[in-house]
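Quick note: the sequence shown uses the numbering used here, first residue 4, plus one each step. Think of the CB as a built atom: it goes at the ideal place given N, C-alpha and C, for glycine as much as any other residue.
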Amino acid sequence: MDSIGILGAGAMGSGIAQVAAAAGHDVVVCDNLTIALSKAGKNIQATLKMLVERGKIADAEAYSLFSRIKFTDHMSEFRNCSLVIEAIQEDIEQKQIAFKSMEAIVEETAIIASNTSSLSISAMGAHLRHPERILGVHFFNPAPMMRLVEIIPALQTKPEIVERGKELISSWGKTTVLAKDTPGFIVNRVARPYYGEALRILDEGIANIATIDWAMRDLAGFRMGPFELMDFIGNDINYAVTEVVFQNFYFDPRYKPSFTQKRLVDAHFFGRKTSRGFYDYREGAFWPEPVKDTTLGAEIANRIIAMLINEASDALYWRIASRDDIDLAMTRGVNYPKGLLAWADEIGISVIVEKLDSLYVEYLEDRYRCSPLLRKMQRQGLTFYEK
Ligand SMILES: NC(=O)c1ccc[n+]([C@@H]2O[C@H](COP(=O)([O-])OP(=O)(O)OC[C@H]3O[C@@H](n4cnc5c(N)ncnc54)[C@H](O)[C@@H]3O)[C@@H](O)[C@H]2O)c1
């Protein structure tokens, strides 16, 4: 079986190492900080112990899985790896340096991959001698739990490399989707309105955080409301992703970040991890009550869902991914209750177009422009899926 190399033993690197070892591979995890390596080892062991206690895996299986992972601070240990996945911090210069060093070690046939969530894979390939073997493999956090992996070929990537990478990661029990090398790939782009439109509704004083969360959870069927989800992800991380997507889309107003969230970040109100975010998680703190008005709730849910569908339709229109992969990405990657394009058919393309147009007429902002694909489908009476 292929040996897999992972560079960076942080949250993502250690999770991906566990996934690859669970699939039977020998895994080499390399980090330049020995403390990060020992922490990663302890975290994986703690996860395996929990899985054994819950009866998910046998003791012997946990033992052999862990024994397949080698922790090292020498990148030269990657020499026999047929796939190396870089999972160091999100810094293009650091990543480019790391790629050059990895390429000098691995064989010419090895795939060199990055787990970046926002950087250009083509820009990483530009620094390789053989850029045709660069690939984006975007796992979600926590990697052992989340089923989705976005596969992103760079401009330079050879089709065989994409196929090999996709096949290998699918054999680890993951659902893979193919995405174009564009900001946010599929999930981090299509999900933006879930946060952005909720923040806008809050900022306009239409409803408070508890009411918006209630509408999206209890009426629309999402697992978490936008504000509890932003607090869970961390406002620092969520805000940074929005900012990167906004900048990389040449300041398209559709992705404009919110001052409200920026101020929370400024104050270090990151969410659950700092005990304060949109909600206050300190002992005995006051929590706002939702206004359970179903007319207001439906208005909130319809507005956010229309904006999400618009984003998913635009991703299809601009060929970022296929219809099925866009729907799979949102249901498997972020647990949406339905694929957004299937949801559009269910609601009715005309209803979505009219909702977007009414927002556009109200605000006269480019943010609310309807995707050309939706408008064309409405005109021709088409649906995303056959009826
Ligand atoms: N955390 C998430 O939710 C998440 C989700 C998907 C993708 N990502 C992406 O995955 C990557 C890693 O994220 P993370 O959250 O695991 O980061 P992290 O900060 O937890 O871990 C990064 C690790 O890389 C090590 N490192 C840094 N430079 C190195 C080098 N030159 N050589 C060897 N080791 C080095 C650090 O010591 C650290 O242990 C980033 O590109 C991030 O954008 C993160």
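Determine the DSSP secondary structure at residue i, reduced to helix, strand or coil.
i           : result
residue 68  : helix
residue 8   : strand
residue 31  : strand
residue 131 : coil
residue 323 : coil
Give me the residue from the options with the minimum Cα distance to residue i.
i           : options            : result
residue 378 : 338, 103, 360      : 360
residue 65  : 55, 14, 176, 92    : 55
residue 168 : 87, 389, 219       : 87
residue 375 : 365, 353, 390      : 353
residue 11  : 70, 75, 363        : 75
residue 373 : 99, 158, 355, 82   : 355
residue 339 : 49, 253, 220       : 220
residue 161 : 125, 275, 320      : 125
residue 231 : 247, 263, 245, 283 : 283
residue 67  : 297, 27, 122, 212  : 27
residue 303 : 325, 370, 210, 367 : 210
residue 245 : 206, 265, 331, 327 : 265
residue 297 : 14, 223, 342, 233  : 223
residue 389 : 94, 345, 371       : 345
residue 337 : 42, 262, 142       : 142
residue 252 : 342, 154, 123      : 123
residue 333 : 363, 299, 268, 153 : 153
residue 121 : 351, 242, 322, 107 : 242
residue 96  : 109, 72, 119       : 119
residue 151 : 204, 329, 383      : 329
residue 80  : 35, 155, 42        : 35
residue 381 : 365, 351, 364      : 351
residue 225 : 371, 42, 342, 16   : 342
residue 132 : 105, 319, 14, 366  : 105
residue 25  : 57, 365, 299, 71   : 71
residue 325 : 16, 183, 15        : 183
residue 233 : 248, 281, 98       : 281
residue 371 : 200, 98, 89        : 200
residue 5   : 101, 110, 52       : 110
residue 140 : 52, 306, 90, 228   : 90
residue 318 : 101, 41, 285, 181  : 181
residue 331 : 179, 51, 57, 58    : 179
residue 250 : 307, 208, 192      : 192
residue 308 : 357, 286, 108      : 357
If we define contact as Cβ-Cβ less than 8 Å, is residue i a contact residue for chain C?
i           : result
residue 218 : This model lacks chain C altogether; it includes just one protein chain.
For residue i, which beta-bridge partners are listed by DSSP?
i           : result
residue 296 : None; residue 296 has no bridge partner.
residue 117 : 89, 139
residue 279 : 274, 283
residue 390 : Residue 390 is not bridged to any residue.
residue 154 : 140, 181
residue 74  : 32
residue 373 : Its beta-bridge partners do not exist; DSSP assigns none.
Given the structure, does residue i come close to ligand 2, in the sense that its CB is under 7 Å from one of the ligand's heavy atoms?
i           : result
residue 114 : Absent from the structure shown: ligand 2. Ligands present: ligand 1.
> If you pair each beta-carbon of the stretch 171-189 with each one of the stretch 288-301, do three or more pairs fall below 8 Å?
Replying inline: Segments in contact, no.
>> Check whether the stretch 130-137 and the stretch 100-117 touch, using three or more Cβ-Cβ pairs below 8 Å as the test.
In response: In this structure the stretch 130-137 lies against the stretch 100-117, because at least three pairs of beta carbons, one per stretch, are closer than 8 Å.
> At a cut of 8 Å, does the stretch 196-210 reach the stretch 248-265 through at least three beta carbon pairs?
Replying inline: Result yes; three or more Cβ-Cβ pairs closer than 8 Å.
> Any chance the stretch 158-177 sits against the stretch 307-318, with 3 or more Cβ pairs inside 8 Å?
Replying inline: Not touching, per the Cβ criterion.
> Looking at C-beta atoms only, is the number of pairs between the stretch 141-150 and the stretch 20-40 that lie closer than 8 Å three or more?
Replying inline: The stretch 141-150, when compared against the stretch 20-40, does touch it at the 8 Å Cβ threshold.
> Are the stretch 69-84 and the stretch 27-43 in contact at 8 Å, needing three or more beta carbon pairs?
Replying inline: Segments in contact, yes.
>> Would the stretch 232-241 count as touching the stretch 273-288 if we require 3 or more Cβ pairs under 8 Å?
In response: In short, these stretches touch, since the Cβ pair count reaches three.
>> Measuring CB atoms only, is the stretch 293-305 touching the stretch 206-215, in the sense that at least three cross pairs come out at less than 8 Å?
In response: A contact exists between the stretch 293-305 and the stretch 206-215.
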